[in-house]
Amino acid sequence: MTRSIKVLGEAQTTIQKLGPNQCGSLIGYEDGNDVIVLSVAASERDQGDLSSSLPLPLKIVGSVGSSTSGLLHATSTGSTVQYSTPDGSTVSPQIVKDSPLKQGHVIVHCALDYTLEVPANSNSTAEDVLSSFEESMCHSGDTAFIVDGTSKTLAGNQSLKSLGRSWNAPLTFQAMSRPGRGGGSSTSFSSKSLIAPSAFIQPCAEKIQWSTIHLDVICYVPASLTAAEAAQKFILPALATQLQICRKELTSAATATSNRASPGGLVPLRALHFSPPGFSAHHLTLVYPLACPCIEADESALQSRRAAVHAMLGLPTDRPLLRVANSISFSNTTTTTNKENVNTSVSSKQARLQNVHLSLPGSGVKGGTQHLVRGTYDYYHYMQDKFDDSGWGCAYRSLQTLCSWFQRQHYTSRTPPGHREIQSILAALGDKPAEFIGSKQWIGAIELGFVLDTLLGVSCKVITVASGDEMPSKAREIAAHFDTQGTPIMIGGGVLAYTLLGIDYNAETGDCAFLILDPHFTGADEIGKITSGQWVAWKKLGDKAAAGGELFVPGAFYNLLCPQRPNTV
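Everything in the sequence shown is counted per this note's numbering, starting at 44 for the first residue and increasing by one.
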């Protein structure tokens, strides 16, 4: 039977970018006689791990490069892609702009915490206990679900569409065991919104090993199905697959030295959802040996694992895309980037304006090329958090903006430091005396570099300018920084500090304009006031600073602190 092929434009572009000797896996699903391709993992290795990370009903539907028996095959010649079916027939695909998955499917979500308990002197292993739990949870018929927005267990005859759910309004299933049914080893699981029953079948007077496993699955369910069908055909199989992954993780942990065990002696596990570049049409679910998504050290310990997944998916290897901070949390009605890992600090008490330069008009440089900060940053300035640093805290605020960039790009889960923390770091390094802490003393670009290195492990390069009127002579070097690193620059010198967000530069004429973010603003965070007052603006040599006076003072020495983007996942 001839099959119809639909390929999402994003996936088609990925295939076209693959080299002649590169291979990949086509990810999608089948809908009747249609095969829908949503994304491409630019590597054919570890297909088992790839398959287990895909929400149902997604699977590997084909390959790029080398042919896989029984599956769709794509061959790229750069500008064109040829598709052939398993019987060798060539088929012309329909390239679609929007994901067909989002039309008529509902995201269904289910999460629960399971306490794994194993008597120390028992013949059962952690894998045995988890296998028993999988049987009772997923295969025995003894698990009931409550759907958010209902006060009782669903009869199962309501379609998801009738519940008012869609792709943008996820539906949460809460699992609970039926009291008095089933059996097996000591098990306990709970939902955040319910007090689920716990069953302790085997009394354990002796010492036990234990750990917490956070299960979290999402599925893409046709809106025409009933809630009961969604539970039986999607949620329970997805939970079973995730429990099998957890058993594999426990086996790996048992054969390797691990410092990630919980106080109970067993490795904690947590499932997290991601949507990295190239996979915008669907999510990926990974299980990490992680007790809770709030420990900075865990990100570093998981680096080798993330690197392997980056390679499996064909993701860039120079930026974090699968850290805990990149994960997506599901609520009853929305999805959000995981924020549980954000620590409280003096500088995080209020929401910040982000990327305030985006609404600006052109710079006025004729024939110039703009080289800009890449990614998201927060605008920090005087008087925020009801803290009066007017007249002395501009460099501190610029540092906070720089730190926010690294946080927003998920290189760290730390929030930007407060003034006192910055001063304490410099005093601890011996750069400043103890009485510096709590003072109103200025700091400069070099001190900012010390703090970035100590707090985030970020190295910096420094561009020196002997006189403010020589700033345009560094235009080419500044442009190269934004092209290769993309981080905001701190400008220190004269009597004022600024943050540099970009440069518009005509290499032939030498004309240039600097995109200045000024931390001296003392008003409320209103974008209209900030742009109209030129607190963020394109500035040329000779222009005035928003706070008054020369922007770059002739005869004054300047340091441009250029943070280097960490080459890490």
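Just so you know, even glycine gets a beta-carbon here, dropped at the ideal spot from N, CA and C.
| said: Output needed for H617: all residues of its chain with C-beta closer than 7 angstroms, excluding positions within five of it in sequence on either side, in chain order. | reply: In the structure as shown, the chain begins at 44 and stops at 612. Residue 617 is therefore absent and cannot be evaluated.
| Three-state secondary structure (DSSP) of R402 | Note on residue identity: the sequence assigns Ser, not Arg, to residue 402. It is coil, neither helix nor strand.
| message | Going by DSSP, what residue range makes up the beta strand (DSSP E) through H257? | response | 251 to 265
| query | Closest to E177 by CA distance: which of T574, A281, Y420 is it? | reply | A281
| task | For E160, count neighbouring C-beta atoms within 10 Å of its own C-beta (all shown protein chains included) and say buried if the count is 16 or more, exposed if not. | result | buried
| field | Candidates T215, G553, S447, of which the one nearest D191 by Cα | value | T215
| query | Tell me which same chain residues have a C-beta within less than 8 angstroms of the C-beta of T565, skipping the five on either side of it? | reply | H424, Y425, M426, S433
| request: Determine the closest residue to Q65 out of L356, S132, V310, with distance taken between C-alpha atoms. | output: L356
| field | Per-residue burial, T57 [other beta carbons within 10 Å of its own, 16 or more giving buried] | value | buried
| request: For L469, I'd like the list of residues in its chain whose CB is within less than 8 angstroms of its CB, leaving aside the five on either flank, ordered along the chain. | output: K475, F479, I486, E490, F493, V494
| query | Roughly how many angstroms lie between the CA atoms of A488 and G535, to the nearest whole one? | reply | 5 angstroms
| field | DSSP state of G223 mapped onto helix, strand, coil | value | For G223, the predicted model reports a pLDDT of 38, less than 50, meaning its position is unreliable; a value from the coordinates is still stated below. Three-state result, G223: coil.
| query | Going straight from the alpha carbon of L81 to that of K583, what length do you get? | reply | 46 angstroms
| Where does R395 fall in DSSP's three states? | coil
| request: List the DSSP bridge partners of M355. | output: M355 is not bridged to any residue.
| query | What does a CB cutoff of less than 7 angstroms around A522 pick up in its chain, not counting 5 residues either side in sequence? | reply | H414, I546, Y548
| said: Assuming the contact rule is C-beta atoms closer than 8 angstroms, F600 and A540 should be a hit. Round their C-beta distance to whole Å, please. | reply: With a Cβ gap of about 13 angstroms, F600 and A540 do not count as contacting.
| query | Residues in its own chain within less than 6 angstroms of R313 by CB, not counting five upstream and five downstream? | reply | H257, Y331, L333
| Looking at L101 and Y72, is the spacing between their C-beta atoms short of 9 angstroms? | yes
| query | Where does H524 fall in DSSP's three states? | reply | helix
| field | Three-state class that DSSP yields for C437 in the structure shown | value | helix
| task | Using three-state DSSP, classify A281 as helix, strand or coil. | result | helix
| query | With burial defined as no fewer than 16 other Cβ atoms inside 10 Å of the residue's Cβ, what is the status of G592: buried or exposed? | reply | exposed
| Validate contact between the stretch 125 to 138 and the stretch 272 to 291 using beta carbons, cut 8 angstroms, 3 pairs | no
| task | Whole angstroms is fine: what's the gap from L51's alpha carbon to T158's? | result | 41 angstroms
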